[in-house]
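Using the working numbering, the first residue of the sequence shown is number 30, and each one after it goes up by one. Note that beta-carbon positions come from the ideal geometry of N, C-alpha and C, so glycine has one too. Presented below is the structure to which this report refers.
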Amino acid sequence: MALNGQLVAPSPADDLLARMDEPQVVAALNTLLDHADLLAVLVVGLDGMLSRSEVIGDSLAEALGELRGNGKGVSLPPIDYKGLASSLATLSGSVVGATPALSALLSSSLTDPKAVQVISQLAGALVEGRDQIDREPSMPTGVFGLLRALKDDDVARGLGYLLQVAKAFGRQLGSS
30 MALNGQLVAP SPADDLLARM DEPQVVAALN TLLDHADLLA VLVVGLDGML
80 SRSEVIGDSL AEALGELRGN GKGVSLPPID YKGLASSLAT LSGSVVGATP
130 ALSALLSSSL TDPKAVQVIS QLAGALVEGR DQIDREPSMP TGVFGLLRAL
180 KDDDVARGLG YLLQVAKAFG RQLGSS
């Protein structure tokens, strides 16, 4: 960068400003801001756990000691701390790798209470339909059998709902 005709090395602030122009960085920051309350709870919980880690560790060690000493016939394997640390490292790596997917899930309409209710109703209907097939496996056959089935109010209501879903889905496909 040139300042008064002299070359000046870019400062960390310049690097930060350049990064703020990247769409991925802005999207990630927006996601973090959208979930700031959840992040705050997680940070406070993690801080509390870390600040009490010595007490937690001592309590666990004491409990394991009591189990080993007082347990009649109870045999606990020795704790593989190296393996445990490796497992925790793998788990944390998996969580970091899954963060974009978790972020997308949290910002999607799947977390909308209405969507959860509809999915729950659908699951109940699927189970009820499967139970009905197990009890009475006969199905309408042919075009006239299907037309007779349409006279059932529940069938007509379900098909009407499916048609509205198909219409909304088609609209979404057209706009994307």
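- Message: Could you tell me the alpha carbon to alpha carbon distance between Ala195 and Ala154, rounded to whole angstroms?
- Response: 18 Å
- Return the chain-ordered ranges of every alpha helix (DSSP H) run that is complete within the stretch 97–164 and spans a minimum of 4 residues. 110–136, 142–164
At least one CB of chain D closer than 9 Å to the CB of Met168: is that the case?
The chain inventory of the structure shown lacks chain D, comprising one protein chain alone.
Just how far apart, CA to CA, sit Arg81 and Asn59?
-> 32 Å
Do Pro169 and Leu175 come within 9 Å of each other at the CB atom, strictly closer than that value?
-> yes
message: For the alpha helix (DSSP H) containing Ser167, name the first residue and the last one.
response: That residue, Ser167, is in no alpha helix (DSSP H); it is neither H nor E in DSSP.
Quiz prompt | Extent of the continuous alpha helix (DSSP H) to which Lys196 belongs | solution = 182–204
In terms of residue numbering, what span does the alpha helix (DSSP H) encompassing Asp63 cover? 52–63
- Message: Measuring only the C-alpha atoms, how far is Val72 from Ala65?
- Response: 10 Å
- Compute the distance between the beta-carbons of Leu192 and Leu179, then report whether it is under 9 Å. no
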